[in-house]
Amino acid sequence: MTSQLAAMTRAPRLPGGRSDWLTDPKTNLLSGLVVALALIPEAISFSIIAGVDPKVGLYASFSIAIIISIAGGRPGMISAATGAMALVVVPLVDEHGVGYLFAATVLAGALQIGFGYLGVGGLMRFIPRTVMIGFVNALAILIFLAQIPHILLNGDDADSSMFWLNLAFIAIGLGIIYGLPRVTKAIPSPLVAIVVLAVTSMVFDLRLPTVGDMGELPSSLPMFALPDVPFSFETLRILAPFVITLALVGLLESLLTAQLLDDLTDSDSDKNIEARGQGVANVTTGLLGGMAGCAMIGQSMINYRTGGRTRLSTLASGVFLLVLILVFGDFVARIPMGALVAVMIMVSVSTFNWASVKPSTLRVEPRPEIVVMLATVAVTVLTHNLAYGVGAGVMLSAVFFARHVAHVVSVTSTVDPVAGERIYDVKGELFFASSNDFIHAFDYDAVGVDRIEIDMRHARVWDTSAVVALDAVVAKFAERGISTELVGLNRHAEQLHRNTSGRSKPGH
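Going by our numbering, the residue at position 452 of the sequence shown is 1854; the numbering climbs one at a time, nothing skipped.
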């Protein structure tokens, strides 16, 4: 009875542990507020990209942020509606309407949950360091490029006569952001910059571009509802390509962001839990009338740079976003965009890995790694899609790796005068890329004996191409009346050779 009473009175267990929630609550709450302010114009922009009402992106942002703070695997990471996901659904919304967007969001979330249980998080080990650096640098460039229309005031409704005043606001904002920490770090400097510039703009009634110019803020809470689409195989056929793309792009960006924050905070996170958490968040968001989302590297970097490290900062960003748009919508709508641009420029500068482009670094880095990093940056910036850039970087890394490994196969020989045979010692990795070099490593006409032994103890046979190469070598020696014995094959190689020898030939 006593143990039951103790269990009933014990404090409830928080997801991820109490330290993931209650460490430095003041800093994490303030950091969440800064993130929430920065989320509003971005969520509206992504809604416009997708061709839907601004409230779709705003509902998604607060819903995903709140849910992922509990269900996710990476404390301090911000997830919401994103540009990458918005770009995917543009054709779907244009051709079939917003109901199909909500259905695709729900199904993509369900697929992500399945991927999480299948252990997709383990695939992160195949992302090379140079691709990660390229990914981060490309992100920083994209963040800055996204601010240029707000800096130059070249939008459709922008007043170009306010250019210099807008530029001054951005400069003042950057001055506060970088200068205030030299005096005090009690309050995040980006938050101070936003408040100071907003109050100044309102007091002097300046006609600068504001958050409200980006779109109308919602005034009520969303309601749960099933997507308004026909329940048929034709609907699934239409949704399938979008669902798969949303799930994969969302997981790729989320897991890469989690890995980046792991490196920055010198901590580890459970990528499979994160994958499942993203899925739960998207399923719920689709039922609430929101668009699909994933981790936001820019907002996660804002959170990190302003001191947000725990799940509380992520939860606060979602809750504050909801409060800001429903309760303080009129005030938020009058925040000048210049204040938020200053914050995003700070994020861009601090995100870029400047050490990776120093001449001293470029001189000592292997050329293939530099090419991979530059290719990742170039493809990402040109396509404005981080997933394409990372995919290109990984594929290029695989090509360079295969090319390198293909030339590390060595064959040396010695003659055993007692046994009257020549022994070939093979070292390296035998697979499709190295098989041709392996075949031509033997001098078939200068053996000098009637019997040879090929020692494979220091070699690894990976695929059927390697087996075909071994068979070709044995056949070439047989044509010259020389008997061949393969020795030292490990269990895997021996089984592969036994099962496929003589069966896998080019052209058959």
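No residue lacks a Cβ here, since even glycine has one placed at the ideal position from N, Cα and C.
Taking C-beta separations shorter than 6 Å and ignoring five residues to either side along the sequence, the partners of Glu1771 in its chain run Thr1532, following chain order.
Counting only runs of at least 3 residues, the region 1663–1740 fully encloses the following beta strand (DSSP E) elements, listed from N- to C-terminal order: 1695–1697.
Residue environment for His1899: buried (at least 16 other C-beta atoms within 10 angstroms of its C-beta).
Residue pairing by DSSP places Ile1825 opposite Thr1816, Glu1855 in a beta bridge. When Arg1711, Phe1722, Ser1750, Val1729 are compared, the shortest CA-CA separation from Gly1700 is found for Ser1750. Under the 10 Å beta carbon count, Val1605 is surrounded by fewer than 16 other beta carbons and is classified as exposed. For Leu1666, same chain residues with a beta-carbon under 7 Å away, outside a window of 5 residues either side, are Tyr1706 in chain order.
Taking C-beta separations shorter than 8 Å and ignoring five residues to either side along the sequence, the partners of Phe1626 in its chain run Leu1689, Leu1690, following chain order. Sixteen is the threshold: since fewer than 16 other Cβ atoms of the shown chains lie within 10 Å of the Cβ of Pro1768, the residue is exposed. Linking Ala1741 to Arg1765 through their CA atoms gives a straight-line distance of about 39 Å. Ile1704 places its beta carbon less than 9 Å from that of Ala1440.
Ranking Thr1708, Gln1549, Asn1838 by CA distance to the CA of Val1594 puts Thr1708 first. Taking Ile1841 as the centre and dropping the five residues before and after it, the same chain places the C-beta of Ala1871, Ala1874, Val1875 closer than 7 Å to its C-beta, in chain order. Excluding residues up to 5 positions away in sequence, Val1613, Met1616, Met1739, Leu1742 lie with their Cβ nearer than 8 Å to the Cβ of Pro1443 in the same chain. Per DSSP, Glu1444 is one residue of the alpha helix (DSSP H) stretching across 1427–1452.
Counting only residues of its own chain and dropping the five nearest sequence neighbours on each side, Lys1457 has a CB closer than 7 Å to the CB of Pro1620. Considered as a whole, the region 1529–1571 harbours 1531–1554 as its complete alpha helix (DSSP H) runs of no fewer than 4 residues, in chain order.
In the displayed model, Glu1636 falls within a helix according to three-state DSSP. One Cα belongs to Gln1514, the other to Met1693, and the distance between them is close to 15 Å.
By the neighbour-count criterion, in which 16 or more other beta carbons inside 10 Å mark a residue as buried, Arg1893 falls on the exposed side.
A Cβ-Cβ distance of about 30 Å is found for the pair Glu1655 and Leu1555, leaving them out of contact under the 8 Å criterion.
The distance from the Cβ of Arg1824 to that of Ser1815 is about 5 Å, consistent with a contact at the 8 Å cut-off. About 19 Å separates the CB atoms of Phe1464 and Pro1629; that is not less than 8 Å, and the two are not in contact. Shown here, Ala1861 sits in a strand according to DSSP, grouped into three states. Straight through space, the alpha carbons of Pro1761 and Ala1735 are spaced by roughly 45 Å. Judged by pairs of C-beta atoms under 8 Å, the region 1541–1548 does not touch the region 1664–1680, as fewer than three such pairs exist. Annotation: Leu1460 to Pro1477 spans about 22 Å, alpha carbon to alpha carbon. If you draw a straight line from the Cα of Asp1561 to the Cα of Trp1423, it comes to about 44 Å.
CA-to-CA, the gap between Ala1445 and Val1792 works out to about 24 Å.
Of all alpha-carbon atoms in Leu1608, Glu1855, Asp1839, the one lying nearest the alpha-carbon of Ala1821 is that of Glu1855. Taking 8 Å as the upper bound for CB-CB distance, Val1682 and Ile1469 are in contact here, some 6 Å apart.
Take Lys1673, set aside five residues on each side of it, and the residues of its chain with a beta-carbon closer than 7 Å to its own are Gly1475, Gly1523, Met1526, Leu1657, Ala1660, in chain order. Exclusion of the five residues before and after Trp1864 leaves Phe1833 as the residues of its chain whose Cβ lies within less than 6 Å of its Cβ. Per DSSP, Leu1764 is not a residue of any beta strand (DSSP E); the alpha helix (DSSP H) it occupies stretches across 1761–1766. For the set Ile1529, Gly1485, Gly1521, the Cα lying nearest the Cα of Ala1548 is the one of Gly1485. In terms of Cβ geometry, Ala1506 and Phe1644 form a close pair [threshold 9 Å].
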